[in-house]
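**Q** Quick one: the structure is below, questions incoming.
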Amino acid sequence: MEKLYKFLKYMFIILWTVFIVAPFLWAISTSFKDFQSVNSKVTYIPWLDFEPTLEGWRVLIKSPARGGVDIVEPYFNSLFVTCTASLISIVLGTLAAYALSRFTFKAGFVRNNDITFFFISQRIMPPIVLSIPFFIFLSTIGLLDSLIGLVVVYIVLLMPIAVWIMVDFFNRVPKELDETALIDGCNPYQAFYKVVLPNSIPGLIVAGMFCIIFGWIDFFFAFILTFTEVQLLPVKVVALNSSITPWWSLSASALISVAPLIIVAFVVERYLSKGNLSGALK
Amino acid sequence: MNLVAKHLTYKPDDQYHLNDVSFNFEKGGLYTILGRTLSGKTTLLKTIAGLLNPDSGNINFEDKNFSKVPVWERNVAMVYQQFINYPHLSVYENISFPLKQRKLNEENIKKNVEDALKTVGLVGFENRKIQELSGGQQQRVALARSLAKKAKILLLDEPLVNLDYKLREQLREEFKTIFNEGLANETILIYSTTDPQEVMELNGEVIVLDEGKVLQTGPAKDIFENPINLKVAEISNDPPMNIINGLKIDGKITFENINIKLPKHLSQLDNKNYNFGIRSSEIKLSDSGEEFEIELAEISGSETLLHLKRGSTKVIALIEEVMNFKIHEKVKVVFNSDKFYVFAEDGKLISSPFRIKNG
Chain A
277 MEKLYKFLKY
287 MFIILWTVFI
297 VAPFLWAIST
307 SFKDFQSVNS
317 KVTYIPWLDF
327 EPTLEGWRVL
337 IKSPARGGVD
347 IVEPYFNSLF
357 VTCTASLISI
367 VLGTLAAYAL
377 SRFTFKAGFV
387 RNNDITFFFI
397 SQRIMPPIVL
407 SIPFFIFLST
417 IGLLDSLIGL
427 VVVYIVLLMP
437 IAVWIMVDFF
447 NRVPKELDET
457 ALIDGCNPYQ
467 AFYKVVLPNS
477 IPGLIVAGMF
487 CIIFGWIDFF
497 FAFILTFTEV
507 QLLPVKVVAL
517 NSSITPWWSL
527 SASALISVAP
537 LIIVAFVVER
547 YLSKGNLSGA
557 LK
Chain B
473 MNLVAKHLTY
483 KPDDQYHLND
493 VSFNFEKGGL
503 YTILGRTLSG
513 KTTLLKTIAG
523 LLNPDSGNIN
533 FEDKNFSKVP
543 VWERNVAMVY
553 QQFINYPHLS
563 VYENISFPLK
573 QRKLNEENIK
583 KNVEDALKTV
593 GLVGFENRKI
603 QELSGGQQQR
613 VALARSLAKK
623 AKILLLDEPL
633 VNLDYKLREQ
643 LREEFKTIFN
653 EGLANETILI
663 YSTTDPQEVM
673 ELNGEVIVLD
683 EGKVLQTGPA
693 KDIFENPINL
703 KVAEISNDPP
713 MNIINGLKID
723 GKITFENINI
733 KLPKHLSQLD
743 NKNYNFGIRS
753 SEIKLSDSGE
763 EFEIELAEIS
773 GSETLLHLKR
783 GSTKVIALIE
793 EVMNFKIHEK
803 VKVVFNSDKF
813 YVFAEDGKLI
823 SSPFRIKNG
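Chains as they are written, first to last, in the working numbering: chain A, 277 to 558; chain B, 473 to 831.
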């Protein structure tokens, strides 16, 4: 019984690993192929099956004038917009979440939970509802098709996530911890950044991870709110597709699009394995 | 130059957490607040610390109005019943945290921390992480942090309640020496607990609190010997004092067909119904006693608690050895009538074995 269980367990893990890793292997191998190797017959192993070429990768950095697509600039645009919006969202969201978790607000019938729900409700409605208001808003203040405009929009999208995660996190940090800090001579601001914040790093990492992921993968708003001046990576990758599907450069761009998320996952995993995400506060 | 509270009232919802609480704590004194869970003990301590603002009433300390002083400038220290320390700091950093906030110099901090660690018996633990410590050790760190501060007011909110039995006994013993050695002379120590035994052992001035109201104040011995009413008698005894509704007729006390010869200290009592109070330890097993049915037998430590029933009268007897009983078994017990308390029907103390009041 024990052995059977172990066998099934490992079988499942192996199958799952294949399921996860196979698309990556496929993409890596495809990104080094040319038109011939993709379309003639099924091939997997470079040099044996097909002659590897860097053409798929070269296209990505060549300027359009020379027949490339140049995703370098969109790549850094995406990095800038995602990181800036995530950072601002985390800072503002954490402050808001702390206030919502610790202080009691009363305004008419509005209570803390209503305010928290208001933040979350921004993510409940389908994004398309927001597209026209965002478009009109950005064009009115002249930030359409600009990095700053995108950052503003992404803050609106990401901050609810940060608030949501951090409210939940702060609610689980005992109030007595703040009180002890106050008693030990901290004013409320010091209590927050000297005691509460250092003990909230796990929550900040999780919130940051979600912000980065949701910011990085957004296609919809990047597509609607930009035209020619500024382009973000997801839009550019989709634009690669033309009458002949360029599998090689699509694979290459998919790989470098996923790369930042993989790095994020590894960083978080390191914290997870150190046990820092749980048990810091009992 | 004392800590004086006048008419503190706090009623955040339907219930009073503090109901007209007044006191006068003197410097260097040890005060215990005795009350059951939710009686307002923590609220009172938090009010003194400044974490809560009472709805009305005020607190003066050293002749200054305390209510205008924010928590972080009050120079108080507090130990919670949960083991609250700073999880991101080591033991040394935890204890030095309040000292650094006060901007003491490095040498001073080091000396204070070392003294405090010595007092609570944690020398050598300086670099440990909080999570690596046991509950008892965590609470010692919290205690050391509040001692090192040398605060003028030290608040301990049920510091032993979350510890296991053995550790509680041990720390309770140590508290006496810790409080003698570790405290500055002028510190006001305020200790809240649900456990009457802790109150008796600490032997300070006691405030008995119930539903936010002060029921009785006085030295521990006084509370124990002369609880002013039934409620205090219940709160200040563990197990709670047994209350028997009985009739006093010429020369005897009767209840449930039991006749007990009237003890000397009750000779002046009028003939009528009273609530007689007797501590569990004054009810003994004896073959010459009266028959009771066992409802429940609990063994705690080296003692056995017998929950007994006869008619509508229920009492708890404390037997000082471990014995096995069957439920519904009949046992015979005698009451030590010399230790009878007498309470009026409305709960007021009429007579105690230690002092006779005019009935």
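We put the beta carbon where it would ideally sit given N, CA and C, even for glycine.
Count the other CB atoms within 10 Å of the CB of M435(A); is the residue buried (16 or more) or exposed (fewer)?
**A** buried
**Q** Determine, using beta carbons only, whether A521(B) and M550(B) come nearer to each other than 7 Å.
**A** The answer is yes: Cβ separation under 7 Å.
**Q** Does any residue of chain B bring its CB to less than 7 Å from the CB of L458(A)?
**A** yes
**Q** Leaving aside the five residues before and after L376(A) along the sequence, list all residues of the same chain whose C-beta is less than 7 Å from its C-beta, in chain order.
**A** N388, I391, T392 and V443
**Q** Could you name the residues that DSSP lists as bridge partners for R782(B)?
**A** T785(B)
**Q** Less than 6 Å between C-beta atoms, sequence neighbours within five positions excluded: which residues of the same chain meet that for G491(A)?
**A** T358, A361, S362, Y430 and L434
**Q** Given that Q554(B) touches chain A, what residues does it touch there, using C-beta distances under 8 Å?
**A** P450 and E452
**Q** Looking at the unbroken beta strand (DSSP E) that takes in K483(B), where does it start and where does it end?
**A** Note, K483(B): premise wrong, no beta strand (DSSP E); not H, not E.
**Q** Counting pairs of Cβ atoms below 8 Å between the stretch 540-558 of chain B and the stretch 621-634 of chain B, do you hit three or more?
**A** The way I'd put it, the stretch 540-558 of chain B does touch the stretch 621-634 of chain B; three or more beta-carbon pairs between them come closer than 8 Å.
**Q** Is DSSP giving F812(B) helix, strand or coil here?
**A** Collapsing the DSSP output to three states places F812(B) in coil.
**Q** For the alpha helix (DSSP H) containing K693(B), name the first residue and the last one.
**A** It spans A692 to E697 - the alpha helix (DSSP H) in which K693(B) sits, taken as one unbroken run.
**Q** With contact counted as at least three CB pairs below 8 Å, one residue from each stretch, are the stretch 489-503 of chain A and the stretch 278-295 of chain A in contact?
**A** no
**Q** Quick check: what's the CA-CA separation for A692(B) versus N675(B)?
**A** 5 Å
**Q** Looking at chain B, which residues of the stretch 458-481 of chain A have a Cβ within less than 9 Å of any of its Cβ atoms?
**A** L458, I459, D460, G461, C462, N463, P464, Q466, A467, K470, V471, P474, N475 and I477
**Q** Can you confirm whether L523(B), when its beta carbon is compared against all beta carbons of chain A, has any partner nearer than 7 Å?
**A** yes
**Q** Since L502(B) is in the beta strand (DSSP E), which residue starts that stretch and which ends it?
**A** L502 to L506
**Q** Give me the residue from V680(B), Q669(B), K798(B) and I766(B) with the minimum Cα distance to R640(B).
**A** Q669(B)
**Q** Spell out the partners DSSP gives I791(B) in its beta bridges.
**A** T776(B)
**Q** Taking the alpha helix (DSSP H) that M550(B) falls in, what are its first and last residues?
**A** Here M550(B) belongs to no alpha helix (DSSP H); instead the beta strand (DSSP E) covers V548 to V551.
**Q** Using the Cα positions of K478(B) and N584(B), report the straight-line distance between them to the nearest angstrom.
**A** 35 Å
**Q** Please list the partners that Q573(B) has in chain A, where partner means a Cβ-to-Cβ separation under 8 Å.
**A** D460, G461, C462 and Q466
**Q** Tell me the rounded alpha-carbon separation between F295(A) and K285(A).
**A** Straight through space, the alpha carbons of K285(A) and F295(A) are spaced by roughly 15 Å.
**Q** Mind checking I290(A): buried by the 16 CB within 10 Å criterion, or exposed?
**A** exposed
**Q** Excluding the 5 residues flanking E793(B) on each side, which residues of the same chain have their C-beta closer than 8 Å to its C-beta?
**A** S774, E775 and T776
**Q** Which whole-angstrom value is the C-beta distance of G684(B) and L490(B), which I expect to be below 8 Å?
**A** 5 Å
**Q** According to DSSP, L803(B) sits in a beta bridge with which residue or residues?
**A** Position check: residue 803(B) holds Val in this sequence, whereas Leu was assumed. Answer is F764(B), bridged to V803(B).
**Q** Verify the CB distance criterion: does E455(A) have a CB-CB separation below 7 Å to chain B?
**A** yes
**Q** Closer than 8 Å, Cβ to any Cβ of chain A: which residues of the stretch 570-597 of chain B, in chain order?
**A** P570, Q573 and R574
**Q** Based on the DSSP secondary-structure assignment, which residues constitute the bridge partners of V678(B)?
**A** Per DSSP, T504(B) and G690(B).
**Q** Assuming K720(B) is part of the alpha helix (DSSP H), what are its boundary residues?
**A** K720(B) -> not in any alpha helix (DSSP H); beta strand (DSSP E) instead, spanning N714 to I721.
**Q** State the Cα-Cα distance for the pair D818(B) and H737(B), rounded to the nearest angstrom.
**A** 21 Å
**Q** Buried or exposed for T504(A), please, with buried defined as at least 16 other CB atoms from any protein chain shown within 10 angstroms of its CB.
**A** Answer is exposed; the Cβ neighbour count stays below 16.
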